[in-house]
Amino acid sequence: MSQPTHTHRQHGGRYAMVAHYNGDTALEAQMIVVYRDLDREIDTATTAKDWESNWKEIAADDCTLCLGSGTDQIKGNKEKPCGGCYGLGKVRKDGETPADRWELADVALGIIQRQQQELGQLRQLAALPEVQKIIEARRKAQGEDWVEREREWREGGGRGHGGRRHTGD
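Under the working numbering, the first residue of the sequence shown is numbered 107, with each subsequent residue one higher.
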């Protein structure tokens with residue numbers, strides 16, 4: 107049995123990417139990814155676009171039990187936190203499960219620091235003049251469009267008195 111390299115973003119599971127190649131005949135213009143479902147031992151193929159949007163690579167510090175999802179994968183109960191990482195989805199840098207609260211706090215601190223770094227990068231991107239122009243243009247388009255749709259909805263047919271909608275105001 108091979109090691110899992112990826113997991114599904116919504117459903118979890120253990121998958122290993124086997125190969126990727128250019129499609130032939132009808133799928134000539136698309137890149138194809140072949141992966142193996144390690145739980146069912148089935149090989150399947152999908153497009154590279156679908157692969158990139160629905161599967162994520164397992165990082166070195168992802169929990170080996172839940173594969174970074176933070177939910178109970180062994181019993182199949184998605185509502186309960188994982189017992190290996192206590193619901194964080196991450197473990198210590200050496201790959202071991204946190205033994206006590208202090209080690210768990212170090213793992214949580216690492217998650218927070220990564221998120222702060224990503225947030226800082228996103229704020230820098232949002233501060234660029236080109237991005238500000240795009241945001242402003244989108245706000246104007248949505249703002250005027252939203253007002254018009256709301257007016258049409260309010261004046262449209264409904265079940266209230268005189269055939270008008272109950273709008274709560």
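Ideal placement from N, C-alpha and C gives every residue a C-beta, glycine not left out.
Predicted, not measured: the structure shown is a model, and the values here were computed from it.
Rounded separation between residue i and residue j - CA only
i	j	result
Thr-203	Ala-122	23 Å
Ala-211	Arg-229	26 Å
Val-197	Ala-205	10 Å
Ser-175	Thr-150	22 Å
Gln-219	Arg-257	45 Å
Ser-108	Leu-171	15 Å
Gly-226	Gly-263	47 Å
Glu-254	Gln-221	38 Å
Arg-245	Leu-234	17 Å
Asn-128	Ala-243	38 Å
Thr-304	Gln-248	Not covered by the structure: residue 304. The range shown for the chain is 107 to 275.
Glu-224	Val-124	31 Å
Counted within 10 angstroms of its Cβ, other Cβ atoms place residue i as buried (16 or more) or exposed
i	result
Arg-146	exposed
Val-213	buried
Arg-120	buried
Leu-173	buried
Arg-142	buried
Asp-200	exposed
Asp-251	exposed
Trp-259	exposed
Trp-70	Beyond the ends of the chain as shown, which are 107 and 275, falls residue 70; an answer cannot be given.
Presumed contact (8 Å Cβ cut-off) between residue i and residue j, rounded CB distance
i	j	result
His-112	Glu-158	With a Cβ gap of about 10 Å, His-112 and Glu-158 do not count as contacting.
Cys-191	Thr-177	Incorrect: roughly 10 Å between the Cβ atoms, too far for contact.
Gln-179	Gly-118	6 Å
His-126	Ala-154	7 Å
Asp-168	Gly-193	Actually they do not touch by this definition, with Cβ atoms about 13 Å apart.
Sequence-distant residues of its chain with Cβ nearer than 7 Å to residue i (five each side left out)
i	result
Val-237	Leu-231
Pro-110	Arg-120, Tyr-121, Ala-122, Leu-144, Ile-164, Leu-173
Asn-160	His-114, Arg-115
Cutoff 8 Å; reference residue i; Cβ partners in own chain excluding five residues on either side
i	result
Ile-148	Arg-142
- Does the region 136-147 come close enough to the region 178-195 to have 3 or more Cβ pairs within less than 8 Å? No, they do not touch.
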